[in-house]
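J.: Just dropping this structure here.
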Amino acid sequence: MPARLGYERRLPGRAGAVRPSTAVPRVRIPPGVSGVSADMARRQKNNFVHGWVLLDKPVGITSTQAVGAIKRLFGTSKAGHAGTLDPLASGMLPIALGEATKTVPFVQDGRKIYRFTVRWGVETTTDDTEGETVATSDVRPSADAVDAVLDEFEGEIEQVPPAFSAIKVDGERAYDLARAGEEVVLDARPVTIHTIDLVATPDADTAVFECECGKGTYVRALARDIGRRLGTRGHVVDLRRLVVGPYGEVDMIPLEKLQELAHEAGRDGLFAAALRPVETALDDIPALAVTEAEAGRLRSGQPILLRGQGAPIDGPAYATRKGELVALGEIEQGQLHPRRVFNLATA
Numbered sequence: 079m080p081a082r083l084g085y086e087r088r089l090p091g092r093a094g095a096v097r098p099s100t101a102v103p104r105v106r107i108p109p110g111v112s113g114v115s116a117d118m119a120r121r122q123k124n125n126f127v128h129g130w131v132l133l134d135k136p137v138g139i140t141s142t143q144a145v146g147a148i149k150r151l152f153g154t155s156k157a158g159h160a161g162t163l164d165p166l167a168s169g170m171l172p173i174a175l176g177e178a179t180k181t182v183p184f185v186q187d188g189r190k191i192y193r194f195t196v197r198w199g200v201e202t203t204t205d206d207t208e209g210e211t212v213a214t215s216d217v218r219p220s221a222d223a224v225d226a227v228l229d230e231f232e233g234e235i236e237q238v239p240p241a242f243s244a245i246k247v248d249g250e251r252a253y254d255l256a257r258a259g260e261e262v263v264l265d266a267r268p269v270t271i272h273t274i275d276l277v278a279t280p281d282a283d284t285a286v287f288e289c290e291c292g293k294g295t296y297v298r299a300l301a302r303d304i305g306r307r308l309g310t311r312g313h314v315v316d317l318r319r320l321v322v323g324p325y326g327e328v329d330m331i332p333l334e335k336l337q338e339l340a341h342e343a344g345r346d347g348l349f350a351a352a353l354r355p356v357e358t359a360l361d362d363i364p365a366l367a368v369t370e371a372e373a374g375r376l377r378s379g380q381p382i383l384l385r386g387q388g389a390p391i392d393g394p395a396y397a398t399r400k401g402e403l404v405a406l407g408e409i410e411q412g413q414l415h416p417r418r419v420f421n422l423a424t425a
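Quick look at the structure:
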């Protein structure tokens, strides 16, 4: 029997009207502390955990530290995130566990939405509050002046990344060179800004923006460039990511809540409350329900024939068997060719 087409699409969750940014307490994670007991960690050691955890990353820890904490909580050694957040940034950090790591590129390539606050009059080496002041200005742009230039920053634009960024220069990270006192000159590169809006002006010195952008955009550089365009200077004082790909603000879970769940509800409660299915990363890709025989062929790396009205002609698609993800692949000439095969065994 040929594969049957089943298609679902889920739009990113949004939490309604934009509200002013609120301070997020810094969180320190000491070495070896994960919010899960040593006994629980031992019991989970041999389990296979697959899915997405949508962490509301707190200010004060790196994305790598956040992934480490989630790995310990969920008792898995295989994990990765779908887009770095700076230590000073909070918000959506999608973390893939187990077989979900095979779907990371689909989330990374999705649109991102950020809310950020810019302080006018000061530009820093890092384009945020951690850097040293390199230029100042007494100019404070009005809301009307800001609105008037934002159209220039929409669409595909050329952006020079901050010197303190993870971009590699001759094999080394730009931020490592900058911290060592070397002058870092990065080339402009194209990025896509879908929308950018001024959402609040708390006072003459600050403005709050919301931006929807594509992969590779540096919000800190955007704040710097808007300030320069307005005849002043600017740097980011607050940055929060609201959406990454299919995952929205209403989906996020704070680290403290995950730690509470681990202690109070145990492993099963933690997984039920916080682990999203692997295929939620593929929300805009057609899903094909396949037979057991077809699933076997896909797992063996062999293509299957697609027939029937409504079947996709070409492009990416994923196959499921009885609701379980089997393979992710490309449709070519009426056949689904597996590119990634999934083994979602739980023990």
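The working numbering numbers the first residue of the sequence shown as 79 and each following residue consecutively. The beta-carbon is built from N, C-alpha and C at its ideal position, and this holds for glycine as well.
State the CB to CB distance for the pair Val404 and Arg377, rounded to an integer number of angstroms; the pair is presumed to be in contact (CB under 8 Å).
T.: Here residue 404 refers to the residue found at position 326 when the sequence shown is read from its first residue. Here residue 377 refers to the residue found at position 299 when the sequence shown is read from its first residue. The pair is a contact, with the Cβ atoms about 7 Å apart (cut-off 8 Å).
J.: Taking the beta strand (DSSP E) that Gln337 belongs to, which residues open and close that run?
T.: For the purposes of this step, residue 337 is identified with residue 259 of the sequence shown, where counting begins at 1. Taken as a continuous stretch (DSSP letters only), Gln337 belongs to no beta strand (DSSP E), being part of the alpha helix (DSSP H) at Leu333 to Glu342.
J.: Kindly provide the ranges of any beta strand (DSSP E) runs that are 3 or more residues long and lie completely inside the region 128-170, ordered along the chain.
T.: Entirely contained in the region 128-170, the beta strand (DSSP E) runs reaching 3 residues are, in chain order, 129-135 and 157-159.
J.: If contact is defined by three or more beta carbon pairs under 8 Å, each pair taking one atom from either stretch, is the region 125-133 in contact with the region 339-359?
T.: Yes, the region 339-359 is in contact with the region 125-133.
J.: Please classify Val238: does DSSP put it in a helix, a strand, or coil?
T.: Taking the first residue of the sequence shown as 1, we reach residue 238 at position 160. Residue state, collapsed to three classes: coil.
J.: Please report the residue range of the beta strand (DSSP E) in which Gln186 lies.
T.: Along the sequence shown, read from residue 1 onward, the residue named residue 186 stands at position 108. Element bounds for Gln186: not the beta strand (DSSP E) but the alpha helix (DSSP H), Val182 to Gln186.
J.: Can you tell me which of the three DSSP states Phe287 falls into?
T.: Position 209 of the sequence shown holds residue 287. It is a strand residue.
J.: Can you have a look at Pro240 and say buried or exposed, based on whether 16 or more other CB atoms are within 10 angstroms of its CB?
T.: If you number the sequence shown from 1, residue 240 lands on position 162. Classification of Pro240: buried, given that the 10 Å Cβ count is 16 or more.
J.: What is the rounded straight-line gap between the Cα of Leu348 and the Cα of Ala258?
T.: As a working mapping, residue 348 is identified with position 270 in the sequence shown. As a working mapping, residue 258 is identified with position 180 in the sequence shown. About 42 Å.
J.: Is Gly84 helix, strand or coil by DSSP?
T.: Counting from 1 along the sequence shown, the entry for residue 84 is found at position 6. Because Gly84 sits at a pLDDT of 39, beneath the cut-off of 50, its placement in the model cannot be relied upon, and the point is left open.
J.: Need the endpoints of the beta strand (DSSP E) that Glu410 sits in, please.
T.: Stepping through the sequence shown from its first residue, residue 410 is reached at position 332. Element bounds for Glu410: Glu402 to Glu410.
J.: Got a sec? Which residues, its chain only, sit under 7 Å from Ile363 by beta carbon, not counting five neighbours each side?
T.: Residue 363 sits at position 285 when you count from the first residue of the sequence shown. Taken in chain order, the residues that qualify are Pro394, Ala395 and Tyr396.
J.: DSSP three-state call for Ala359: helix, strand or coil?
T.: On the sequence shown, residue 359 is found 281 positions in, with the first residue counted as 1. It is helical.
J.: Please list, in chain order, all residues of the same chain as Phe242 whose beta carbon is under 6 Å from its beta carbon, the five residues on each side excluded.
T.: Position 164 of the sequence shown, counting from 1, holds the residue named residue 242. Closer than 6 Å at the Cβ level, and outside the excluded window around Phe242, lie Thr204, Tyr253 and Ala256.
J.: Are the beta-carbon atoms belonging to Tyr192 and Arg399 less than 9 Å from one another?
T.: What you label residue 192 is simply residue 114 of the sequence shown in a count that begins at 1. What you label residue 399 is simply residue 321 of the sequence shown in a count that begins at 1. Contact flag unset, no.
J.: So, for Thr358: in the same chain, excluding its five sequence neighbours on each side, which residues have a beta-carbon less than 7 Å away from its beta-carbon?
T.: For this step, residue 358 is matched to residue 280 along the sequence shown. Hits under 7 Å: Trp130 and Pro324.
J.: Exposed or buried, Leu383, counting other C-beta atoms within 10 Å across all chains shown (16 or more means buried)?
T.: Translated into positions along the sequence shown, residue 383 becomes position 305. By the 10 Å Cβ count, Leu383 comes out exposed.
J.: Under 8 Å, with one C-beta from each stretch per pair, do the region 222-241 and the region 287-299 reach the 3-pair mark?
T.: Touching, per the Cβ criterion.
J.: Measuring CA to CA, which of Lys156, Leu175 and Ile274 is closest to Ala301?
T.: As a position in the sequence shown, residue 301 is number 223, starting the count at 1. Looking at the Cα atoms, Ile274 is the closest of the given residues.
J.: Given that a residue counts as buried once 16 or more other Cβ atoms are within 10 Å of its Cβ, and exposed if not, what is Arg104?
T.: Here residue 104 is taken as the residue at index 26 of the sequence shown, counted from 1. With a pLDDT of 41 at Arg104, under the threshold of 50, the modelled position of this residue cannot be trusted, and the question is left open.
J.: Pairing CB atoms from the region 303-316 with CB atoms from the region 187-202, are three or more of them under 8 Å?
T.: Touching, per the Cβ criterion.
J.: Is Val212 buried or exposed, if buried means 16 or more other CB atoms sit within 10 Å of its CB?
T.: The count along the sequence shown starts at 1 and reaches residue 212 at position 134. So Val212 ends up on the exposed side.
J.: What are the start and end residues of the alpha helix (DSSP H) that includes Gly309?
T.: Indexing the sequence shown from 1 puts residue 309 at position 231. Taken as a continuous stretch (DSSP letters only), Gly309 belongs to no alpha helix (DSSP H), as it is neither H nor E.
J.: Taking the alpha-carbon of Ile173 as reference, which of Thr195, Phe194, Ala147 and Asp164 has the nearest alpha-carbon?
T.: Mapped onto the sequence shown, residue 173 falls at position 95. It is Ala147.
J.: CA-CA distance, Gly379 and Leu366?
T.: Residue numbering aside, residue 379 sits at position 301 when the sequence shown is read from its first letter. Residue numbering aside, residue 366 sits at position 288 when the sequence shown is read from its first letter. The straight-line gap from Cα to Cα measures roughly 16 Å.
J.: From the DSSP output, which residues share a beta bridge with Asp216?
T.: As a first step, residue 216 must be located in the sequence shown, where it is residue number 138. According to DSSP, which records beta bridges pairwise, Asp216 is partnered with nothing at all.
J.: State buried or exposed for His341, treating a residue as buried only when at least 16 other CB atoms are found within 10 Å of its CB.
T.: The sequence position of residue 341 within the sequence shown is 263, counting from 1. Exposed, because fewer than 16 other Cβ atoms sit within 10 Å of the Cβ of His341.
J.: Span of the beta strand (DSSP E) holding Asp281?
T.: Along the sequence shown, one-based indexing puts residue 281 at 203. Taken as a continuous stretch (DSSP letters only), the beta strand (DSSP E) holding Asp281 covers Arg267 to Asp281.
J.: Kindly indicate which three-state DSSP category Gly347 falls into: helix, strand or coil?
T.: Residue numbering aside, residue 347 sits at position 269 when the sequence shown is read from its first letter. Looking at Gly347 - three-state DSSP - the assignment turns out to be helix.
J.: Just the Cα atoms here: how many angstroms apart are Gly407 and Asp283?
T.: Residue 407 sits at position 329 when you count from the first residue of the sequence shown. Residue 283 sits at position 205 when you count from the first residue of the sequence shown. If you take the alpha carbons of Gly407 and Asp283, they lie about 51 Å apart.
J.: In its own chain, which residues sit with a C-beta less than 7 Å from the C-beta of Glu177, not counting the 5 before and 5 after it?
T.: To locate residue 177, count along the sequence shown from 1; it is residue 99. Hits under 7 Å: His128, Val356, Phe420, Asn421 and Leu422.
J.: Going by beta carbon distance, what residues of the same chain come within less than 7 Å of Glu210, once the five residues before and after it are set aside?
T.: Here the question's residue 210 lines up with position 132 in the sequence shown. So the qualifying residues of the chain are Thr202 and Thr203.
J.: In terms of residue numbering, what span does the beta strand (DSSP E) encompassing Arg193 cover?
T.: Here residue 193 corresponds to residue number 115 of the sequence shown, with the count starting at 1. Note, Arg193: beta strand (DSSP E), Lys190 to Trp198.
J.: Between Gly138, Ile391 and Thr195, which has its C-alpha nearest Leu414's C-alpha?
T.: Locating residue 414 in the sequence shown gives position 336, counting from the first residue. Comparing Cα positions, the closest option is Ile391.
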